[in-house]
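Student: Can you keep this structure in mind? I'll have questions shortly.
There are 2 protein chains.
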Amino acid sequence: MAYTIKDVAQTANVSTATVSRILNDQGGYSEKTKRKVLNVIQELDYYPSGIARGLTNKRTNTIGVLVPNLTSSLVTEFLDGIESVAHNIGSSVIVCHTESHGIKTMKYLQLLHEKRIDGLILASTVLKKEYYDYVEKMGVPVVLLSAYSEFPVPYVTANDYEAAYTGTKYLIQKGHKKIGMISGNKEEWIAGNLIPRVEGFKDALSDNNISFNESCIEYGKFSIDDGVTGLKHLLNRVPDLTAIFTENDEIGMGVLSAAYNSGIKVPEKLSVIGMDDINLCNFMSPPLTSVSLSHNEMAEKAANLMFKMINSDTEVSNCILDYQIIERQSVCSQ
Amino acid sequence: MAYTIKDVAQTANVSTATVSRILNDQGGYSEKTKRKVLNVIQELDYYPSGIARGLTNKRTNTIGVLVPNLTSSLVTEFLDGIESVAHNIGSSVIVCHTESHGIKTMKYLQLLHEKRIDGLILASTVLKKEYYDYVEKMGVPVVLLSAYSEFPVPYVTANDYEAAYTGTKYLIQKGHKKIGMISGNKEEWIAGNLIPRVEGFKDALSDNNISFNESCIEYGKFSIDDGVTGLKHLLNRVPDLTAIFTENDEIGMGVLSAAYNSGIKVPEKLSVIGMDDINLCNFMSPPLTSVSLSHNEMAEKAANLMFKMINSDTEVSNCILDYQIIERQSVCSQ
DNA sequence: TCATTATACGTAACCGGTTACGTAAATTAA
DNA sequence: TTAATTTACGTAACCGGTTACGTATAATGA
Numbered sequence: 074m075a076y077t078i079k080d081v082a083q084t085a086n087v088s089t090a091t092v093s094r095i096l097n098d099q100g101g102y103s104e105k106t107k108r109k110v111l112n113v114i115q116e117l118d119y120y121p122s123g124i125a126r127g128l129t130n131k132r133t134n135t136i137g138v139l140v141p142n143l144t145s146s147l148v149t150e151f152l153d154g155i156e157s158v159a160h161n162i163g164s165s166v167i168v169c170h171t172e173s174h175g176i177k178t179m180k181y182l183q184l185l186h187e188k189r190i191d192g193l194i195l196a197s198t199v200l201k202k203e204y205y206d207y208v209e210k211m212g213v214p215v216v217l218l219s220a221y222s223e224f225p226v227p228y229v230t231a232n233d234y235e236a237a238y239t240g241t242k243y244l245i246q247k248g249h250k251k252i253g254m255i256s257g258n259k260e261e262w263i264a265g266n267l268i269p270r271v272e273g274f275k276d277a278l279s280d281n282n283i284s285f286n287e288s289c290i291e292y293g294k295f296s297i298d299d300g301v302t303g304l305k306h307l308l309n310r311v312p313d314l315t316a317i318f319t320e321n322d323e324i325g326m327g328v329l330s331a332a333y334n335s336g337i338k339v340p341e342k343l344s345v346i347g348m349d350d351i352n353l354c355n356f357m358s359p360p361l362t363s364v365s366l367s368h369n370e371m372a373e374k375a376a377n378l379m380f381k382m383i384n385s386d387t388e389v390s391n392c393i394l395d396y397q398i399i400e401r402q403s404v405c406s407q
Numbered sequence: 074m075a076y077t078i079k080d081v082a083q084t085a086n087v088s089t090a091t092v093s094r095i096l097n098d099q100g101g102y103s104e105k106t107k108r109k110v111l112n113v114i115q116e117l118d119y120y121p122s123g124i125a126r127g128l129t130n131k132r133t134n135t136i137g138v139l140v141p142n143l144t145s146s147l148v149t150e151f152l153d154g155i156e157s158v159a160h161n162i163g164s165s166v167i168v169c170h171t172e173s174h175g176i177k178t179m180k181y182l183q184l185l186h187e188k189r190i191d192g193l194i195l196a197s198t199v200l201k202k203e204y205y206d207y208v209e210k211m212g213v214p215v216v217l218l219s220a221y222s223e224f225p226v227p228y229v230t231a232n233d234y235e236a237a238y239t240g241t242k243y244l245i246q247k248g249h250k251k252i253g254m255i256s257g258n259k260e261e262w263i264a265g266n267l268i269p270r271v272e273g274f275k276d277a278l279s280d281n282n283i284s285f286n287e288s289c290i291e292y293g294k295f296s297i298d299d300g301v302t303g304l305k306h307l308l309n310r311v312p313d314l315t316a317i318f319t320e321n322d323e324i325g326m327g328v329l330s331a332a333y334n335s336g337i338k339v340p341e342k343l344s345v346i347g348m349d350d351i352n353l354c355n356f357m358s359p360p361l362t363s364v365s366l367s368h369n370e371m372a373e374k375a376a377n378l379m380f381k382m383i384n385s386d387t388e389v390s391n392c393i394l395d396y397q398i399i400e401r402q403s404v405c406s407q
């Protein structure tokens, strides 16, 4: 195998303790021996083993990130932000693709436990009691990204209710009266009881005296595909819709695609507004108007929060970020 | 901290060796003690430390994946496939976002070296000599995904040259004579000398007696943005183009977007064909015709190859996968 | 000058597992 | 019945680092 600290110590005629001290800038050695040891390290091309170091240090410089999927742009943008922060701090990230699947998620948590990760970020994941109990037991800092929880786990998220309310109101202000919504999976939210984005949608309607009918909401999952099938179902049930609010941009993209393929002009015949403001919105035809939830900031905040918890063991406070409507070309006045 | 194997051994009145044997199904213990130990493990909720285990085993059950970016769909689809294979085999994957940046890449390699990963996959990355020398030194199995190399490192890729040739020929057969190309970064390929997708494009033209002019190729990077700026530059230089072949689908998406915003109808006024056939192609307006390089299969093959090398230390052969044109609606006859 | 303190190390235990080797007890063979 | 073999463990070294503690030497102070 590769050289060890012992090899370095021997060839440099010092003890392993000295080598270790030099490697970690701890002082307690002369300039001369430092140079000598550093030379030997270079010559042998020695790299300390993070494994061995982790064993004593109880620090692996590795964090885990649980994501419900890897094909969603929002999620990969999260991952991107987290990875960037982690790398700057000197940590690596292990990605775990849970598929929102309970058993797979638990398996991943066990795996990360065995790997002795320093911290954990759950992105766009509903924190079930089972998960909470486990991470509690693991005893590592956890933060939720784009999710909240009744359990005492810090989260970084947007005010989904308000954002959805505002997004819907935007459509109303544009003169729309027949507005539908395509939402993600209902069951995902068992924990939260309420689906905030749906509630925001409903309340915006009723506050503006627009009659609401349950059939105006279509529930699916969160992917583009769900947008295309969602639009079909929705228009079957209520054909005179003039605007659609989608729970996220992927669904919105699906709606755009389905509309194109059905010859429904957006925005002339149908206005569409998404949520999250993922980068792809800019490049749709037409560019997709969206409620931006500053998700770049969100990911970085979450990562920074987690590292702060790792380093100082202090409790940190939740963080609710701002939202903002990014007007593009998928919505027009009625 | 958490319980250790010693705690388990003590409370079960056996030695740590016995506990270890039981944990690893190695035999050499009676059913009775096995049950006893297993009970204690459950009671204490003991989980062995992967770190300690890794120290003796020289196996971390962790692999590294280097990717040039995390916002490209192709790359995340790769990542998805690799993660899936790895998880089934019981390995975790560390993502490293290199931004195609030499220094950052080297830093990551060192980090992964320190972490003592079992294997490494370089996705869509040109293997510079510097990288090769380093991974050689690391002594772990490496495989290139969607890349080739003059160095003796196994790769899994498509026949880019032929695929590009065929994609271009498809446009020609549709009657197009004024065809442009938008390619990725020229400098990326220093190592390979030739840019296979560009060569395929050129050769398809000349083999079909279509005059070729260097100004018909626009070089940028690989993102959607480069597609939009690329189209503008290209049309400035040669305005009578009727078709565009893009080095990848992201660039193709950018072209679609720029065309939409400039009022250029696709495919009526401009045909566009991409490469890779990422999932998003299906949802563009219009859906983007693309040369499919079976990248799902590619990622899985690469991962399986790597694990085979990890487990058997045998040399494996390269793998060149098939391509196929997926006709959608962004190309029409001239 | 001698006592005191600081500096520059070395020794060895420890982190939490794995495993080669040794041995008493149980089983089988002769 | 006794010898040979197998089974079921325990002991202790080892993986490759870190670090508490001890000590000889050098530097400082009185």
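If you're matching them up, the sequences are chains A and B in order.
In terms of our numbering, the first sequence opens at residue 74 and continues consecutively.
In terms of our numbering, the second sequence opens at residue 74 and continues consecutively.
Idealized CB from N, CA, C, for every residue including glycine.
What is the rounded straight-line gap between the Cα of Ser330 (chain B) and the Cα of Val301 (chain B)?
Tutor: 7 Å
Student: Straight-line CA distance for Val36 (chain B) to Cys289 (chain B)?
Tutor: The question about residue 36 (chain B) has no answer here: the residues shown for chain B are numbered 74 through 407.
Student: Which residues in chain B sit within 7 Å of Asn352 (chain A), going by Cβ to Cβ distance?
Tutor: Thr144
Student: Given a cut-off of 7 Å on the beta-carbon distance, is the pair Val364 (chain B) and Tyr396 (chain B) in contact?
Tutor: yes
Student: Which whole runs of the beta strand (DSSP E) in the stretch 311 to 345 of chain A are 3 residues long or more, in chain order?
Tutor: The stretch 311 to 345 of chain A contains these whole beta strand (DSSP E) runs: 316 to 319.
Student: Can you confirm whether Gly265 (chain B), when its beta carbon is compared against all beta carbons of chain A, has any partner nearer than 7 Å?
Tutor: Here Gly265 (chain B) scores only 48 on pLDDT, less than 50, and its place in the model should not be relied on; the value that follows carries that caveat. Chain A, which has no Cβ nearer than 7 Å to the Cβ of Gly265 (chain B), makes this no.
Student: What residues in its chain sit with their C-beta under 7 Å from that of Lys131 (chain B), if we drop five residues either side in the sequence?
Tutor: none
Student: Does any residue of chain B bring its CB to less than 7 Å from the CB of Thr149 (chain A)?
Tutor: yes
Student: Measure the C-alpha to C-alpha separation of Gly456 (chain B) and Lys180 (chain A) and round it to an integer number of angstroms.
Tutor: With chain B covering only 74 through 407, there is no way to say anything about residue 456 (chain B).
Student: Name the chain A residues that come within less than 8 Å of Arg189 (chain B), Cβ to Cβ?
Tutor: Ser122, Gly123, Ile124
Student: Ends of the alpha helix (DSSP H) at Tyr238 (chain B)?
Tutor: 233 to 246
Student: Taking a cut of 9 Å between CB atoms, which residues from the stretch 101 to 118 of chain A lie near chain B?
Tutor: Asp118
Student: Determine the closest residue to Thr315 (chain B) out of B:Val328, B:Gly137, B:Gln407, B:Leu218, with distance taken between C-alpha atoms.
Tutor: B:Gln407
Student: Is Lys107 (chain A) near Ala85 (chain A), with beta carbons less than 7 Å apart?
Tutor: no
Student: In the DSSP assignment, find the beta strand (DSSP E) that holds Met254 (chain B) and state where it starts and stops.
Tutor: Met254 (chain B): member of the beta strand (DSSP E) spanning 252 to 256, first to last residue.
Student: Between the alpha carbons of Ile268 (chain A) and Met371 (chain A), how many angstroms are there, rounded?
Tutor: 20 Å
Student: For the stretch 290 to 306 of chain A, enumerate the residues whose C-beta is nearer than 9 Å to any C-beta of chain B, in chain order.
Tutor: Ile297, Asp298, Gly300, Val301
Student: Could you compute how far the alpha carbon of Asn282 (chain A) sits from the alpha carbon of Asn334 (chain B)?
Tutor: 36 Å
Student: For the stretch 165 to 196 of chain B, list every residue whose C-beta sits within 9 Å of some C-beta in chain A, in sequence order.
Tutor: Ser165, Val166, Ile167, Val168, Cys169, His170, Lys177, Lys180, Tyr181, Gln183, Leu184, Leu185, His186, Glu187, Lys188, Arg189
Student: To the nearest angstrom, report how far apart Gly265 (chain A) and Lys188 (chain B) are at their CA atoms.
Tutor: For Gly265 (chain A), the pLDDT reaches just 48, beneath the cut-off of 50, and the residue's location in the model is therefore unreliable, although a value from the coordinates is still provided. The straight-line gap from Cα to Cα measures roughly 39 Å.
Student: DSSP state of Ile190 (chain A), grouped into three classes?
Tutor: In the structure shown, Ile190 (chain A) sits in coil (DSSP, three-state: anything other than H, G, I, E or B).
Student: Provide the residue span of the beta strand (DSSP E) that contains Val216 (chain B), from first to last.
Tutor: 215 to 218
Student: Using a Cβ-Cβ cutoff of 7 Å, what residues of the stretch 328 to 344 of chain A are near chain B? List them in chain order.
Tutor: Leu329, Ser330, Tyr333
Student: Can you name, in chain order, every residue of its own chain whose Cβ lies under 7 Å from the Cβ of Ile263 (chain B), other than the five neighbours on each side?
Tutor: Note on Ile263 (chain B): pLDDT 46, under 50, position unreliable in the model; the coordinate value appears next. Same-chain partners within the cutoff: there are none.
Student: Using a Cβ cut-off of 7 Å, pull out every chain B residue sitting near Met47 (chain A), in sequence order please.
Tutor: Outside the displayed range of chain A (74 to 407) lies residue 47 (chain A), so it cannot be described from this structure.
Student: For Glu272 (chain B), which residues from the same chain have a beta carbon less than 7 Å from its beta carbon, with the 5 sequence-adjacent residues on both sides left out?
Tutor: The beta carbon of Glu272 (chain B) lies closer than 7 Å to those of Tyr234 in the same chain, with the five residues before and after it left out.
Student: Is it the case that the Cβ atoms of Leu184 (chain B) and Ala375 (chain B) are separated by a distance below 7 Å?
Tutor: The beta carbons of Leu184 (chain B) and Ala375 (chain B) sit no closer together than 7 Å.
Student: Rounded to the nearest angstrom, what separates Leu361 (chain B) and Met326 (chain B) at their Cα positions?
Tutor: 8 Å
Student: Give a yes or no on contact between the stretch 187 to 201 of chain B and the stretch 131 to 146 of chain B, applying the rule of three or more CB pairs nearer than 8 Å.
Tutor: yes
Student: Considering only the beta carbon of each residue, do Leu378 (chain B) and Val216 (chain B) sit closer than 7 Å?
Tutor: Contact: yes.
Student: Is it buried or exposed for Lys275 (chain B), if we count other Cβ within 10 angstroms and need 16 for buried?
Tutor: Around the CB of Lys275 (chain B), 16 or more other CB atoms lie within 10 Å, so the residue is classed as buried.
Student: Give me the Cα-Cα distance between Val226 (chain B) and Ile317 (chain B), rounded to the nearest whole angstrom.
Tutor: 34 Å
Student: Let me make sure I understand the geometry here. Which of B:Asn97, B:Asp118, B:Leu139, B:Val87 has the alpha-carbon closest to that of Lys105 (chain B)?
Tutor: B:Val87
Student: Relative to the C-alpha of Ile398 (chain A), which residue among A:Lys381, A:Tyr292, A:Glu291, A:Lys242 is closest?
Tutor: A:Lys242
Student: Could you check whether the Cβ of Glu287 (chain A) sits closer than 7 Å to any Cβ belonging to chain B?
Tutor: no
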